[in-house]
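Colleague: Dropping the structure in here first, questions after.
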Amino acid sequence: MTQRRFIMLFSALMLLAGLLASCGTTTPSGSGGATAPTAGGTAAGGGLPKLTKAPKKVGFAQTESNNPWRLAQTASMKAEAEKRGYELVYTDAAGSAAKQVADVDSMIAQKVDAIFLAPREEKPLAQAVLKAKAAGIPVILLDRNVDQTIAKPGEDFVTFIGSDFIEEGKRAAEWLIKATNGTAKIIELEGTTGSSPANDRKKGFDDRIKSEAGMQILASQTGDFARDKGRQVMETLLQAHPDVTAVYAHNDEMAIGAIAALEAAGKVPGKDVIVVSIDGEKDALQAIIDGKLGASVECNPRFGPSAFDTLEKYAKGEQIATKIINPDNFYDASNAKDSIAGSY
Ligand code: AHR
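Numbering (our numbering), first residue to last: 673 to 1016.
So this is what it looks like as structure tokens:
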């Protein structure tokens, strides 16, 4: 082979190698090529989307704003975003899981760097988590969980930050067993059907009373975590079960609704019927002081500091636990007066 021929062949081979290499860099990364990096995120090899720069524009998809707990949670998130200089894209799903899925879609379209999601229901919102992941946007779940057979922490979303709802149900049961000497005919007002607090608060309570022969649940029905719905459901259940001696409500709002229904029916809450609930809101603490509500297990709504701390740690590449549990207080006649000033 002449020197000239050798140089031509070598050049042609180099050109071919260059073309093949550039084809390789345009192949989408991640599973199934479904990953589209956002401003600050890349989805790495089917795992969690990574943040490649400090997040600045973040979404907070709230489930509804129909009670003091939700308002306190939103206020805490907005205050913390402002304090740290974030642009917060805030949406309120107004009690609709379908709207909340659409809210997450819109945040993806707006290319937020990360999403804080308080999922209304476990199953439909698990799909929204997967969509955000496919778009390369990390999700942090706040206060409620998604169905983990569909979306997993540490794989599909960064982490869950919130209370231990099973433990809350257990603590409510524990208090009621003591307050009634282990004998009660109970009406249970459940939270939103399909939500993790409703599922877990029921489980925690049921598991604890199982071994107590005198603790009997007469009826169990959803009041959708809302005061007036709680009142209406209690009114109906009271007609079918006038022998009720205790109410377990999955949140304070429904407990306050139930107290109104008991009073309207001529019963004395706190004497004829012992009421216990969860959240620790100001109206509930007042009802404890007034002797109408027996106790409330706190479910802390002030997520702002821990939510943004977690996001910033994640952005720096630190290891994040797949579950971060908020410590919860407990309110009864012994401390309600001293605690009411700091409540929401
Ligand atoms: O997910 C937490 C629950 O949701 C709170 O107990 C309730 O008040 C809220 O709507």
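For every residue, glycine included, the Cβ atom is placed at its ideal position computed from N, Cα and C.
Using 8 Å for Cβ pairs, my map puts V818 next to V801. What's the rounded Cβ distance?
Modeller: By one-based count along the sequence shown, residue 818 stands at place 146. By one-based count along the sequence shown, residue 801 stands at place 129. Going by Cβ atoms, the distance from V818 to V801 rounds to 6 Å, so yes, they are a contact pair.
Colleague: From F980 to E840, what does the alpha carbon distance come to, in whole angstroms?
Modeller: For the purposes of this step, residue 980 is taken as the residue at position 308 of the sequence shown. For the purposes of this step, residue 840 is taken as the residue at position 168 of the sequence shown. Answer to the nearest angstrom: the Cα atoms are 25 Å apart.
Colleague: Starting from P825, follow its DSSP beta bridges and name the residues at the other end.
Modeller: The residue labelled residue 825 in the question sits at position 153 within the sequence shown. Answer is F829.
Colleague: Measuring straight from C-alpha to C-alpha, what distance separates Q745 and T994?
Modeller: Start at 1 with the first residue of the sequence shown, and residue 745 comes out as number 73. Start at 1 with the first residue of the sequence shown, and residue 994 comes out as number 322. Cα-Cα distance, rounded: 21 Å.
Colleague: Check the DSSP bridge columns for S892 and list the partner residues they point to.
Modeller: Counting from one through the sequence shown, the residue named residue 892 turns up at place 220. Beta-bridge pairing links S892 to E860.
Colleague: Output yes or no for whether 8 Å exceeds the beta carbon distance between S867 and E793.
Modeller: The residue given as residue 867 occupies position 195 in the sequence shown. The residue given as residue 793 occupies position 121 in the sequence shown. Closer than 8 Å, so yes.
Colleague: Just checking, does the segment 933-947 make contact with the segment 959-972 on the three C-beta pairs under 8 Å criterion?
Modeller: The segment 933-947 vs the segment 959-972: in contact.
Colleague: Using alpha carbons as the reference points, say which of T908, D878, A912, D955 lies closest to W741.
Modeller: Taking the sequence shown and counting its residues from 1, one reaches residue 741 at position 69. Checked all of T908, D878, A912, D955; the closest Cα to W741 is D955.
Colleague: CB of D955 to nearest heavy atom of ligand 1: below 7 Å?
Modeller: If you number the sequence shown from 1, residue 955 lands on position 283. No; taking the cut-off as 7 Å, the Cβ of D955 has no heavy atom of ligand 1 nearer than that.
Colleague: Run through DSSP, which three-state label would T724 get?
Modeller: Within the sequence shown, residue 724 is the residue found at index 52, counting from 1. The answer is coil: DSSP assigns T724 none of H, G, I, E or B.
Colleague: Ignore the nearest five residues each way along the sequence and tell me which others in I881's own chain have a CB closer than 6 Å to its CB.
Modeller: Residue mapping note: residue 881 aligns to position 209 of the sequence shown, counting from 1. These residues qualify, in order along the chain: A845, M887.
Colleague: With DSSP run on the structure shown, which of helix, strand or coil describes S868?
Modeller: Reading the sequence shown from its first residue, position 196 is the one you call residue 868. Of the three classes helix, strand and coil, the one that applies to S868 here is helix, per DSSP.
Colleague: Can you tell which of Q991, P977, R974, G952 has its C-alpha closest to the C-alpha of D1010?
Modeller: Along the sequence shown, one-based indexing puts residue 1010 at 338. The shortest C-alpha separation from D1010 is found at G952.
Colleague: Is the beta carbon of V730 closer than 8 Å to that of D785?
Modeller: Residue numbering aside, residue 785 sits at position 113 when the sequence shown is read from its first letter. Residue numbering aside, residue 730 sits at position 58 when the sequence shown is read from its first letter. Taking 8 Å as the Cβ cut-off, D785 and V730 qualify as a contacting pair.
Colleague: Would you mind sorting G989 into buried or exposed? The rule is 16 or more other CB atoms within 10 Å of its CB.
Modeller: Mapped onto the sequence shown, residue 989 falls at position 317. G989 is exposed by the Cβ-count criterion.
Colleague: Report back the beta-carbon spacing between I869 and G863 to the nearest angstrom; my notes put them in contact at under 8 Å.
Modeller: For the purposes of this step, residue 869 is taken as residue 197 along the sequence shown, with counting starting at 1. For the purposes of this step, residue 863 is taken as residue 191 along the sequence shown, with counting starting at 1. In the sequence under discussion, the amino acid at residue 869 is Pro, which differs from the Ile named in the question. Contact flag correct, Cβ pair sits at about 5 Å.
Colleague: Check whether the Cβ of I950 sits closer than 7 Å to any heavy atom of ligand 1, and report yes or no.
Modeller: Stepping through the sequence shown from its first residue, residue 950 is reached at position 278. Yes, the beta carbon of I950 sits closer than 7 Å to at least one heavy atom of ligand 1.
Colleague: Alpha carbon to alpha carbon, how far is I997 from A733?
Modeller: Here residue 997 refers to the residue found at position 325 of the sequence shown. Here residue 733 refers to the residue found at position 61 of the sequence shown. Each residue's alpha carbon lies about 20 Å from the other.
Colleague: Within the 8 Å Cβ cut-off, does A786 reach chain B?
Modeller: Judged by its chain identifiers, the structure shown contains no chain B, having just a single protein chain.
Colleague: In three-state DSSP terms, what is D819?
Modeller: By 1-based counting over the sequence shown, the position of residue 819 is 147. Correct three-state label for D819: coil.
Colleague: Beta carbon of P973, beta carbon of Y920: below 8 Å?
Modeller: Along the sequence shown, read from residue 1 onward, the residue named residue 973 stands at position 301. Along the sequence shown, read from residue 1 onward, the residue named residue 920 stands at position 248. Not in contact: P973 and Y920 (Cβ atoms no closer than 8 Å).
Colleague: Please identify the residue among I1012, S1006, A987 whose C-alpha is closest to the C-alpha of A726.
Modeller: Position 54 of the sequence shown, counted from the first residue, corresponds to residue 726. Ranking the options by Cα distance to A726, first place goes to A987.
Colleague: My assumption, with CB atoms under 8 Å, is that L983 sits in contact with I812. Please give the rounded CB distance.
Modeller: Taking the first residue of the sequence shown as 1, we reach residue 983 at position 311. Taking the first residue of the sequence shown as 1, we reach residue 812 at position 140. Confirmed, Cβ separation roughly 6 Å.
Colleague: Give the list of continuous beta strand (DSSP E) stretches no shorter than 3 residues that lie fully inside the segment 960-1006.
Modeller: Fully enclosed beta strand (DSSP E) runs of 3 or longer: 967-970, 995-997.
Colleague: Spatial neighbours of L789 within its chain, please: C-beta separation below 6 Å, excluding the five flanking residues on both sides.
Modeller: Mapped onto the sequence shown, residue 789 falls at position 117. Only A733, V811, L813 meet the Cβ criterion.
Colleague: Return yes when the C-beta of P977 is under 7 Å from any heavy atom of ligand 1, and no when it is not.
Modeller: One-based indexing of the sequence shown puts residue 977 at position 305. Checking the Cβ of P977 against ligand 1 gives no.
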